[in-house]
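Colleague: Residue numbers (the working numbering), protein chains in the order written: chain A, 1 to 366; chain B, 367 to 732.
Structure representation (structure tokens):
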């Protein structure tokens, strides 16, 4: 039977795993073998025994997970990881094709058929495979929690016998999946959330989670629903108006990412200086330069009493559910690549296959 | 005019301050002077300039805050602090009279008239002075946030295209102010909260914040509305039933404190072993021995995949609002001790004065 390998992630701080036991069971019921690297689930609180109980095998030196027909991963493989993949392997995971095209080239040269979850087309048939969204959901939720943790004040309004404290005001910049989840979580916690995005058509979604819409009067819609980059004039005017608005909020959470590019600066140094001491900025774009000019990637810094926090991998801080959601996404894609008899059946004519396959797409149906 | 000193807290990790600028203003309007130790508000994000703008003076070596007629503090004074108080000083703050009676004796010997906020009678006229409650509100809110932060899973139910994750189940032991706020916050975040207390009459309060009531069938009501200590038999039966129940929850938050005594053990080692990996215990009783047998005061420990967290001073992690609420409580008490002309007027016949004054109560009205 076709074998599916699950690697133990090696990136620093990565606690997720690409397949959880109950999804392994589903794959095995489909007629495939699952081979798990020992300890792969440990960071997510999933010991090897749970995989074994689900019917998975544990990888050994003689039968490494990376020699399976299909290999599942969370983070992109290193050069050393790629060298350990056999020619003809099907690799599925986050591969950062826009940020690191040289890795995709290395996979192609190694004869690997690579599916990047980032490249899955955003069509309704592929929604269940949308790992970017599932992990962004986790990031948005955790960003709001982190902001609440860093804030020296309550998020909810509190009424006591000695008086009342008002709810925290939270501004979320970028109303994609992460931004909407951050708004919804801040709202749940009792804060007064406000959302902003350069795409005015998302205003309705912002309002649907109970948040207000910040209208700065600047629009920029690009391909695939992503924000396009603004012109210089637009950006200057946007920053001027944003800078003015930001000073009125207790918390700013930024989620403005442009795939494959440096993140736009939305919170300038001047904006931070305009915030009250005790305010908090949580910047989810730290890995690509940050949405805040004063962000230091992966660190907390305090400037004029304002805490600027740059978490780099929030899904890894909630590894059980992040892994479970991710595994569901991968298994949905995996099931598209395998026929009813449990054999590889990669259809290059399928829109999802063609979109997600970033290296080694077979010419014909296997 | 009567002077009111605000000390800079010296206890490790203490970021609160006993008076915030806007309450200083209220005291000054009352005809009193406010003298603030430089940097007193810094940990709470309140620079000296804000106090100065409110009309307060900054203490100097020649005019120390501890030489004021009335001195406000958050944490109990050290021996060195007591030595710096002049005879006749009125001291107001957390003084831990039950936990450290020798400190109260030292204050009495130093000729200090000491008001412990812990000793304010729990009568309706004193509600606005109830610092235990205001700080417990902060602790309960932060305990739920901390639990959400430590959990490897979502608190809310999440529905995605690839399926649904169920809400986290949260058990809160002890339904005082902190417990109720923890339940309310867990509920806000979308978890399924359940409350338990040895006092069955609080079941209605637990339900009123949207939580379920865990009925173990054991009751123990003591003086002042606090739980009395259970008998040995009751405790054994309680632990057996609790241990069984605890294994069904993702998160357990414990808030069972008995003033002046060692905290009861409610979460045994066996109970922790019965929890699923990835579960979380947040124990608010760490300072007095902990409600969980495996708690290490002030630390996070992981046992069998269960994280046991023992935060010792949650209000200090949210210093701005914790200080603001606390300052309101102190000023309410202060205003009871001062007459319309701004002179000390301590009435030993007043129930609140008589209850709160733990040392040096004047024999007659001043």
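Just so you know, even glycine gets a beta-carbon here, dropped at the ideal spot from N, CA and C.
Answer yes or no: does any C-beta atom of chain B fall closer than 8 Å to that of residue 60 of chain A?
Modeller: Residue 60 of chain A does not count as touching chain B.
Colleague: Measure the alpha-carbon distance for residue 484 of chain B versus residue 448 of chain B and round it to whole angstroms.
Modeller: Their Cα atoms are separated by approximately 19 Å.
Colleague: Which residues in chain A sit within 7 Å of residue 406 of chain B, going by Cβ to Cβ distance?
Modeller: Those do not exist, as residue 406 of chain B stays about 15 Å from chain A at its closest Cβ, beyond 7 Å.
Colleague: Which class does residue 191 of chain A belong to by DSSP, given the choice of helix, strand or coil?
Modeller: DSSP places residue 191 of chain A in coil when its eight states are reduced to three.
Colleague: Assuming residue 403 of chain B contacts residue 425 of chain B (C-beta within less than 8 Å), just tell me the rounded distance between them.
Modeller: Right, the Cβ-Cβ distance comes to about 5 Å (below 8 Å), so this counts as a contact.
Colleague: Report yes if the CB atom of residue 140 of chain A is closer than 8 Å to the CB atom of residue 181 of chain A, and no otherwise.
Modeller: The answer is yes: Cβ separation under 8 Å.
Colleague: List the residues of chain B whose Cβ lies closer than 9 Å to the Cβ of residue 315 of chain A, in chain order.
Modeller: Chain B residues near residue 315 of chain A: none, gap ~11 Å exceeds 9 Å.
Colleague: Exposed or buried, which one is residue 656 of chain B when buried takes at least 16 other CB atoms within 10 Å?
Modeller: Counting Cβ neighbours within 10 Å, residue 656 of chain B comes out buried, since at least 16 surround it.
Colleague: Between the region 295–315 of chain A and the region 88–102 of chain A, are three or more C-beta pairs nearer than 8 Å?
Modeller: Not touching, per the Cβ criterion.
Colleague: Would you call the region 142–161 of chain A and the region 170–189 of chain A in contact, with 3 or more CB pairs under 8 Å?
Modeller: Touching, yes.
Colleague: Going by the C-beta, is residue 261 of chain A closer than 7 Å to any heavy atom of the ligand ZN?
Modeller: Here there are no bound small molecules, and the ligand ZN is not part of this structure.
Colleague: Which value, in whole angstroms, describes the spacing of the CA atoms of residue 637 of chain B and residue 48 of chain A?
Modeller: Their backbone Cα atoms lie some 23 Å apart in a straight line.
Colleague: Rounding to the nearest angstrom, what Cα-Cα distance links residue 542 of chain B and residue 624 of chain B in this structure?
Modeller: Near 11 Å, if we compare the C-alpha coordinates of residue 624 of chain B and residue 542 of chain B.
Colleague: Suppose the cutoff is 8 Å on Cβ atoms and the five residues either side in sequence are ignored; what does the same chain contact list for residue 578 of chain B look like?
Modeller: So the list reads 558, 559, 560, 561 and 572, once near-sequence residues are dropped.
Colleague: Anyone know if the C-beta pair for residue 28 of chain A and residue 56 of chain A falls short of 8 Å?
Modeller: Taking 8 Å as the Cβ cut-off, residue 28 of chain A and residue 56 of chain A qualify as a contacting pair.
Colleague: Starting from the Cα of residue 427 of chain B, find the closest Cα among B:410, B:436, B:443 and B:450 and give me that residue.
Modeller: Looking at the Cα atoms, B:450 is the closest of the given residues.
Colleague: Between residue 691 of chain B and chain A, is the shortest Cβ-Cβ distance under 8 Å, so that the two count as touching?
Modeller: Chain A, which has a Cβ nearer than 8 Å to the Cβ of residue 691 of chain B, makes this yes.
Colleague: Does residue 730 of chain B get closer than 8 Å to chain A when you measure Cβ to Cβ?
Modeller: For residue 730 of chain B, the predicted model reports a pLDDT of 49, less than 50, meaning its position is unreliable and no value from the coordinates is stated.
Colleague: Can a CB atom of chain A be found closer than 8 Å to the CB of residue 686 of chain B?
Modeller: So, interface residue.
Colleague: Return helix, strand or coil for residue 654 of chain B, following the three-state DSSP convention.
Modeller: Three-state DSSP puts residue 654 of chain B in a helix.
Colleague: When DSSP labels each residue in this structure, what does residue 733 of chain B get in the three-state scheme?
Modeller: No answer is possible for residue 733 of chain B: it lies beyond the span of chain B, which begins at 367 and ends at 732.
Colleague: Please name the residue or residues paired with residue 196 of chain A in a DSSP beta bridge.
Modeller: Residue 196 of chain A pairs with A:173.
Colleague: What would DSSP say about residue 366 of chain A, mapped onto helix, strand or coil?
Modeller: Here residue 366 of chain A scores only 40 on pLDDT, less than 50, and its place in the model should not be relied on; the value that follows carries that caveat. In this structure, residue 366 of chain A counts as coil in the three-state DSSP scheme.
Colleague: Could you compute how far the alpha carbon of residue 614 of chain B sits from the alpha carbon of residue 346 of chain A?
Modeller: Going from the Cα of residue 614 of chain B to the Cα of residue 346 of chain A covers about 43 Å.
Colleague: Would you say residue 115 of chain A lies against chain B (beta-carbon separation less than 8 Å)?
Modeller: For residue 115 of chain A, the answer is no, since every Cβ of chain B falls outside 8 Å of its Cβ.
Colleague: Does residue 399 of chain B come out as helix, strand or coil in the three-state DSSP assignment?
Modeller: Here residue 399 of chain B sits in strand by DSSP.
Colleague: Using DSSP with H/G/I as helix, E/B as strand and the rest coil, what is residue 218 of chain A?
Modeller: In this structure, residue 218 of chain A counts as coil in the three-state DSSP scheme.
Colleague: Can you check which of these residues, A:288, A:114 and A:171, is closest to residue 261 of chain A by C-alpha distance?
Modeller: The option with the nearest alpha carbon to residue 261 of chain A is A:288.
Colleague: For residue 134 of chain A, go through chain B and note every residue whose CB falls closer than 8 Å to its CB, in chain order.
Modeller: Here the neighbours are 526 and 528.
Colleague: Note down, in chain order, each residue of its chain lying with its Cβ closer than 6 Å to the Cβ of residue 325 of chain A, except the 5 sequence neighbours on either side.
Modeller: Only 134 meet the Cβ criterion.
Colleague: From B:399, B:416 and B:533, pick the residue whose C-alpha is nearest to that of residue 430 of chain B; which is it?
Modeller: Closest option to residue 430 of chain B, Cα to Cα, is B:399.
Colleague: Any Cβ of chain A within less than 8 Å of the Cβ of residue 701 of chain B?
Modeller: No, because no Cβ of chain A sits closer than 8 Å to the Cβ of residue 701 of chain B.
Colleague: Around the Cβ of residue 70 of chain A, are there at least 16 other Cβ atoms within 10 angstroms (buried) or fewer (exposed)?
Modeller: Buried, by the Cβ-count rule.
Colleague: Does the structure place the region 479–498 of chain B close enough to the region 674–688 of chain B that three or more beta carbon pairs sit under 8 Å?
Modeller: Counting Cβ pairs under 8 Å, fewer than three are found: no touch.
Colleague: Between A:294, A:159, A:358 and A:332, which has its C-alpha nearest residue 529 of chain B's C-alpha?
Modeller: When each option's Cα is compared against that of residue 529 of chain B, the closest is A:332.
Colleague: For residue 150 of chain A, which of B:641, B:442 and B:687 has the nearest alpha-carbon?
Modeller: With distances taken between Cα atoms, residue 150 of chain A lies closest to B:687.
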